[in-house]
Amino acid sequence: MPLHLSKLKSLQVLVGAKFLLGGLRMEYLGELHNLYGSLSILELQNVVNRRESLKANIREKNHVEKLSLEWSESAEDNSQTEKRHT
Numbered sequence: 057m058p059l060h061l062s063k064l065k066s067l068q069v070l071v072g073a074k075f076l077l078g079g080l081r082m083e084y085l086g087e088l089h090n091l092y093g094s095l096s097i098l099e100l101q102n103v104v105n106r107r108e109s110l111k112a113n114i115r116e117k118n119h120v121e122k123l124s125l126e127w128s129e130s131a132e133d134n135s136q137t138e139k140r141h142t
């Protein structure tokens, strides 16, 4: 996800939305209130603390129909995936 994408506060559709945690922080998702469809959050092992994840306001994304969460213990391990359908 491009760095300044969170400034598009009225963004509704992000085709193939994959939010890679690494250079970006999960809290940037908190600014995207109107997302629809599916959302994938990758590299969850990079979340710094609980406060950062709460700022993402995932529960407030009422129009996200499919949420995919992915993390891995190391680059060599296979990614573990948890999917939740709302």
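Numbering (our numbering), first residue to last: 57 to 142. Where a beta carbon is used, it is the ideal one built from N, C-alpha and C, also for glycine.
- Every unbroken stretch of the alpha helix (DSSP H) spanning 4 or more residues and falling wholly within the segment 73-115 is given here in chain order: 106-110.
- Under DSSP, S128 takes part in no beta bridge, so it has no partner.
- The beta carbon of L91 sits closer than 6 Å to the beta carbons of K117 and V120 from its chain, once the five residues preceding and following it are set aside; these are given in chain order.
- One alpha carbon belongs to L85, the other to E129, and they sit about 23 Å apart.
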